[in-house]
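Shown next, in structure tokens, is the structure this report addresses.
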Amino acid sequence: MPPMASRPPLNSSSSMPARPSTPVKSGLSSIAMSPDDGHSVSGSVHSSPEHKNVRSDAEKSRDRVTVQGFGPGGANDRWRLKGKGRTSIVIGSMYLLAGRWSDSLKELAEAAATARSVNDHMWHGKALELILVNLFLLAWSKLEFQVPAILMPSRERSTSLPTLRSEPDTAGPVQPKCHRDVQNLIPELLDRIAGLYSRISAEHLPPLPMSETTIRFSKILTAMHICEGRLDQRALDMIVCNTRPPGYLTTSPRLDVSPPRQHIVNFLFRAFPSSAAELLTPADRASVLSGGLVEARTRGAAEAGVHPAAGLVSLTPGGDGNSGGMALDLGEGDIEHGLEAFLELLCKSYGIIGFETHEKKAGTLPGPSDDSDEAAVARILGQSSARFFGFTSIKLNILRACINFSEALPDFNGVLKFSSDLLRTGGSGVAPGPRREDAAPIIHRDEQVRLATNVSRTASLAQRIGMGHLTAEYWDEFLVRSVVLEALPNARTPIPHARSVLPGATAGRASQDVNPFIYNPFLKEPDEVAAQDLVAGELATFRVTLQNTYDIEVEIESIRLCTEGVDLEALTESVLLGPYRSQLLRLKGRPREAGSITVTGAMVKIRGCRERRFPIFTKAWTPSMHEKIKAKGMIALEDGDGAAKPTDGAFAPKKLSLNVIQAQPLVVVKSTTLLQSSVMILEGERQVFSVTMQNTSATPVDLMLFSFKDSTQAPLQEALGKRDATPAELYEYELILTRRQALRLARSDQGRNIAPGGEASFEFEILGKPGLTHATIQVDYTYLGVPRDEVTEQFYTRQVCLDLTVTVNASVELTRVDALPMHGQIPQPLWERLGGSTPGKEDEYCLVCMDLRNAWPSHMAIRLESEDGLAVDEFVLPGKTRRVAIPVKRIYLEEAHDSIPSLNPSRNRQFVVSTSKISPEMERANREAFWYREKILDHVKATWRTTSVPKRSGAVELRNIRLTSRMIEAIKVDEVDIDVAVEDPSEPDGGARNVAYVDDFMALRVDIRNRTTKSIFPLVRLMPALCHRPTNVALDHTRKFAWNGTLQQQLPELPGNSATSFRMGVTALCRGEFELTASVEEVQTSAEGSKDGVARQGRQRSDTQRMMDAALGVRQRRIWHSRKPWMLTVKDGE
1 MPPMASRPPL
11 NSSSSMPARP
21 STPVKSGLSS
31 IAMSPDDGHS
41 VSGSVHSSPE
51 HKNVRSDAEK
61 SRDRVTVQGF
71 GPGGANDRWR
81 LKGKGRTSIV
91 IGSMYLLAGR
101 WSDSLKELAE
111 AAATARSVND
121 HMWHGKALEL
131 ILVNLFLLAW
141 SKLEFQVPAI
151 LMPSRERSTS
161 LPTLRSEPDT
171 AGPVQPKCHR
181 DVQNLIPELL
191 DRIAGLYSRI
201 SAEHLPPLPM
211 SETTIRFSKI
221 LTAMHICEGR
231 LDQRALDMIV
241 CNTRPPGYLT
251 TSPRLDVSPP
261 RQHIVNFLFR
271 AFPSSAAELL
281 TPADRASVLS
291 GGLVEARTRG
301 AAEAGVHPAA
311 GLVSLTPGGD
321 GNSGGMALDL
331 GEGDIEHGLE
341 AFLELLCKSY
351 GIIGFETHEK
361 KAGTLPGPSD
371 DSDEAAVARI
381 LGQSSARFFG
391 FTSIKLNILR
401 ACINFSEALP
411 DFNGVLKFSS
421 DLLRTGGSGV
431 APGPRREDAA
441 PIIHRDEQVR
451 LATNVSRTAS
461 LAQRIGMGHL
471 TAEYWDEFLV
481 RSVVLEALPN
491 ARTPIPHARS
501 VLPGATAGRA
511 SQDVNPFIYN
521 PFLKEPDEVA
531 AQDLVAGELA
541 TFRVTLQNTY
551 DIEVEIESIR
561 LCTEGVDLEA
571 LTESVLLGPY
581 RSQLLRLKGR
591 PREAGSITVT
601 GAMVKIRGCR
611 ERRFPIFTKA
621 WTPSMHEKIK
631 AKGMIALEDG
641 DGAAKPTDGA
651 FAPKKLSLNV
661 IQAQPLVVVK
671 STTLLQSSVM
681 ILEGERQVFS
691 VTMQNTSATP
701 VDLMLFSFKD
711 STQAPLQEAL
721 GKRDATPAEL
731 YEYELILTRR
741 QALRLARSDQ
751 GRNIAPGGEA
761 SFEFEILGKP
771 GLTHATIQVD
781 YTYLGVPRDE
791 VTEQFYTRQV
801 CLDLTVTVNA
811 SVELTRVDAL
821 PMHGQIPQPL
831 WERLGGSTPG
841 KEDEYCLVCM
851 DLRNAWPSHM
861 AIRLESEDGL
871 AVDEFVLPGK
881 TRRVAIPVKR
891 IYLEEAHDSI
901 PSLNPSRNRQ
911 FVVSTSKISP
921 EMERANREAF
931 WYREKILDHV
941 KATWRTTSVP
951 KRSGAVELRN
961 IRLTSRMIEA
971 IKVDEVDIDV
981 AVEDPSEPDG
991 GARNVAYVDD
1001 FMALRVDIRN
1011 RTTKSIFPLV
1021 RLMPALCHRP
1031 TNVALDHTRK
1041 FAWNGTLQQQ
1051 LPELPGNSAT
1061 SFRMGVTALC
1071 RGEFELTASV
1081 EEVQTSAEGS
1091 KDGVARQGRQ
1101 RSDTQRMMDA
1111 ALGVRQRRIW
1121 HSRKPWMLTV
1131 KDGE
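First residue of the sequence shown? That's 1 in full-length UniProt numbering, and the numbers climb one at a time after it.
Written out as structure tokens, the structure is:
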């Protein structure tokens, strides 16, 4: 591998790059040498004889004609051997670096022989040099070795210098033989290797590596000369470890030491370039020139009596004479513009990552930089392509030299530009994502701090001298990573609604009395609404995420949002961005009018940098090298093919689109009549309180909608979702939700408008319910500006909520209920006591008894009222239970087995079938109990009031009444009424009699009345019995009772709402008291009668009704009994 020039390492903290030095590939250290010591050698370059012969042979070979063919010695075979030899040299050097010196020695010896056979001079010399390095390392490690034969001089060559060899007897007795062999070979071997390296003119390689090799070989000869010409441990330490010699040599010639000084000096002079070759590159020239300029500035500062660290500011006295410092006074022609172009061309040649990596198109006028999204994406792609071009270490050294050169001129623009370019080149160019890609820069933190300070200091100086337009370009394009709208507080969030939810848009909708089973869009939580709406004239807060991948702080002097669309008044903020982090910043803006707005980025002014717009890059991105390289050199850099292009949409800047609505009012709860928004209430009590609301904005309120939430709704909704709930239970849950709401508006005629800055009071009613601990009044308000029926599009509302803390205590509890039948008429004193006006009919009432317990620690007055005006008042002591009884009219239900309805519109079906496995008889009993219980609750009402201060009143909860079958029998009125009587022939109107004589002929009359609307087919059974006798004696009619015909008679069809009579002659054969009863049984049901062709009224039965009948089982024939028997007393005849 040929000797190559090298640059200082990447972690160099010096802003002035070091001179070129030899890379540590051979394990040897080198001392940097500079050719500008004032001496040059022209025309006297020493070269070996081999070098001269090679040049003459090359000139003669031009007249030869080469014939290529097959077989050994052909061109293909030579190329194959040359490639094999070079590969072996590379492998040997890798063995050397890995510490496998023996393997490296063997591999390099074979490779050197191969290179010599094919006349590959440069690689032959490199192999010999690496072999020599191996021998030095083995000798330094005190290991035995054998000198390869390839190092021995050729027999036919007489180039050995006997004066340069040490005699065997001069070696010390402790020096190994292998060391002496290497010691004798070194002068001739180094001269031979230098001769091989001098044959590189055909390779068109720069002469600088040759000069470095010559200096390196001179150091080896110098180490041997210092050690008296011996290759001992001291010499090996100086060669391998670069240790200093123990002392300094005198001026004595030391002619007996080999190699002599004259030979070393002559060998060293080969390092100087000839007059025809140019050794320094433009970068080296810039480094040398900057060093000279810095030295001149230092001397000038010393002559002026100031410190050189004053930088770019001259401390010469100003014109006013008051201050000791003033800015550097530069004239118009004091800055050389050509040098700037030269440095830019130099940076471009090395692929420096600048702000603009591509030149502007021809014809484009110079002007401000383009900060559009397309330009930002193009800059990022161009910079990523430049990252894969050239060597990063060389780029950093070039930029350091340019910075020093610009500071020495002084050139403010160059200092700013190259400092920012150095930070940009030393950065990673990565937009980290959730996987936390490594975005750390490759330059040290101290150098980053120095560069950032240099930028800010230079920009401040430029501003002081009136050149404020000179600023740097910020070095990270991914500064803004995210911009999101921060959600407003719940009281200020605008919530969108469709026009159909307006009261009046749908029939029967009112905000204060909405069916809770109908979806109420106004109960939607504000945090569930997407925060994409702004309100005109109100401040909005945006959360901006900033990125800093460097180890330094970034001082942002000003930052504000950049928007498109309607005008947005963006407020400016300043922030100090910490090192290597993503930092959250809140920016505010105020839209001035309604419309649409788009946030495209942020306008940022960083200290020392130009104020520019940064797009929003939310997605992670890492530059990657293109898989296929289509061009090399500067063409690849200009075309931008070094980096892979991102896929569509993966690298596009993000924009935040928002909607600005018209100005909205802002209403707050100013006061309430409740203390600390809390209330204590008893069960069944209703209290009215008022809430005062104030409009704090300049926009009026013309629409207010009220909704209510409380702690009892969630358990009820959960209970409604249970699948094993019975229809009666579901009905109870739904009724409590719909008709027994904890909160409601006390008056529906209250005004719903609030003027700007005005106030309005609203009255609400709260009901004490078990389980009520907290409640919320929610008011949705807005300004429509037009009548409700003229709203044609979406509208927005705001919410104001008032949370209430409620404590509900027990008042009066219903512990037990019973119902008893009442025969005959109610006594007049009792009727008057109950407040009745006219006595009721016989058997028209039943007696309902309730046990009421006072759970409040004060006296309670309880009032029980019925539908017809009857009322009972009782006083109950604290903790005591009192039974209260009141007559209630018996209830007739034509369809006591109808399905239990549902109050939920989503479950609005004609019937609800129980999900539990119960029999049809139990289903009929449950339905019958449900309907009679509802009728009882409609007829009876109970209230309470306290007799002490404070006065409270409320209603007793009676819905926990449960009716048994015995209670239902006492309450209900049968569908068929049966009256039995014995006619009195002496009465002109056929009146009845209760006393008869033995063997008298009597007429027994049975009156049957059908209360239903359907016809029945009755079968009458008479059942006379002797009272006060056992059953077997009472029903034995032999010689006791006689009748004309049969006791069981079938009557013709009895239409609905009609009556009929049946008479039979009877005779009592013995004295006593007889009980005459009758029963009516259906011969056939109405459905069976329809099948027999009997004409029916009304429409045909539906399938739903058949399904309901199926739930109740097969329809059975019904039977009715007379409610009261006819008592007949029979006596002996006179």
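Even glycine gets a Cβ: it sits at the ideal position worked out from N, Cα and C. Just so it is clear, the structure is predicted and the values come from calculations on it, not from any experiment.
Beta-carbon spacing of residue i, residue j below 7 Å
| i | j | result |
| --- | --- | --- |
| residue 551 | residue 659 | no |
| residue 579 | residue 555 | no |
| residue 772 | residue 800 | no |
| residue 928 | residue 896 | yes |
| residue 541 | residue 605 | no |
| residue 561 | residue 498 | no |
| residue 426 | residue 441 | yes |
| residue 751 | residue 663 | no |
| residue 765 | residue 744 | yes |
| residue 455 | residue 428 | no |
| residue 215 | residue 245 | no |
Range covered by the beta strand (DSSP E) that runs through residue i
| i | result |
| --- | --- |
| residue 804 | 795-809 |
| residue 1073 | 1072-1082 |
| residue 197 | Per DSSP, residue 197 belongs to no beta strand (DSSP E); it is in the alpha helix (DSSP H), 177-197. |
| residue 353 | Element bounds for residue 353: n/a, residue is neither H nor E. |
Span of the alpha helix (DSSP H) around residue i
| i | result |
| --- | --- |
| residue 425 | 412-426 |
| residue 463 | 445-464 |
| residue 406 | 392-408 |
| residue 1019 | No alpha helix (DSSP H) holds residue 1019; the beta strand (DSSP E) holding it covers 1018-1026. |
| residue 130 | 121-140 |
| residue 1121 | Counting along the chain, residue 1121 falls outside any alpha helix (DSSP H), though it belongs to the beta strand (DSSP E) covering 1119-1121. |
| residue 615 | From DSSP, residue 615 is part of no alpha helix (DSSP H) but of the beta strand (DSSP E) over 612-615. |
Cβ separation of residue i and residue j, assumed to be a contact under 8 Å, to the nearest whole Å
| i | j | result |
| --- | --- | --- |
| residue 394 | residue 480 | Rounded, the Cβ-Cβ distance is 32 Å, inconsistent with contact. |
| residue 684 | residue 956 | 6 Å |
| residue 673 | residue 689 | 5 Å |
| residue 894 | residue 1060 | So it is not a contact: roughly 19 Å between Cβ atoms. |
| residue 213 | residue 264 | About 15 Å; that fails the 8 Å criterion. |
Option in the options with minimal Cα separation from residue i
| i | options | result |
| --- | --- | --- |
| residue 653 | 620, 745 and 664 | 620 |
| residue 977 | 1112, 1133 and 1122 | 1122 |
| residue 584 | 611, 543, 473 and 594 | 543 |
| residue 492 | 835, 237 and 535 | 535 |
| residue 947 | 753, 1004, 856 and 872 | 856 |
| residue 704 | 150, 1022, 725 and 778 | 778 |
| residue 86 | 1036, 116, 819 and 782 | 116 |
| residue 1043 | 1051, 1034 and 1069 | 1069 |
| residue 486 | 141, 853 and 656 | 656 |
| residue 1054 | 444, 1020, 178 and 446 | 1020 |
| residue 967 | 181, 730, 755 and 817 | 817 |
| residue 401 | 421, 383 and 382 | 421 |
| residue 754 | 252, 775, 103 and 781 | 781 |
| residue 461 | 372, 691, 607 and 594 | 607 |
Residue i at chain C interface by Cβ criterion, 7 Å
| i | result |
| --- | --- |
| residue 466 | In the structure shown, chain C cannot be found, because there is only a single protein chain. |
**Prompt:** Any chance the region 841-853 sits against the region 919-934, with 3 or more Cβ pairs inside 8 Å?
**Reply:** no
**Request:** Flag this pair as touching only if the region 95-106 and the region 120-139 have three or more C-beta atom pairs under 8 Å; answer yes or no.
**Result:** yes
**Prompt:** Does the region 933-941 touch the region 857-867, meaning 3 or more C-beta pairs lie closer than 8 Å?
**Reply:** yes
**Meets three-Cβ-pair contact criterion under 8 Å: the region 412-421 and the region 432-445** = Output reads no: the region 432-445 does not touch the region 412-421.
**Prompt:** Is there contact between the region 379-392 and the region 336-356, where contact requires at least three CB pairs shorter than 8 Å?
**Reply:** yes
**Message:** Counting beta carbon pairs with one atom in the region 218-233 and one in the region 174-191, are three or more of them shorter than 8 Å?
**Reply:** Counting C-beta pairs closer than 8 Å gives three or more between the region 174-191 and the region 218-233, which meets the contact rule.
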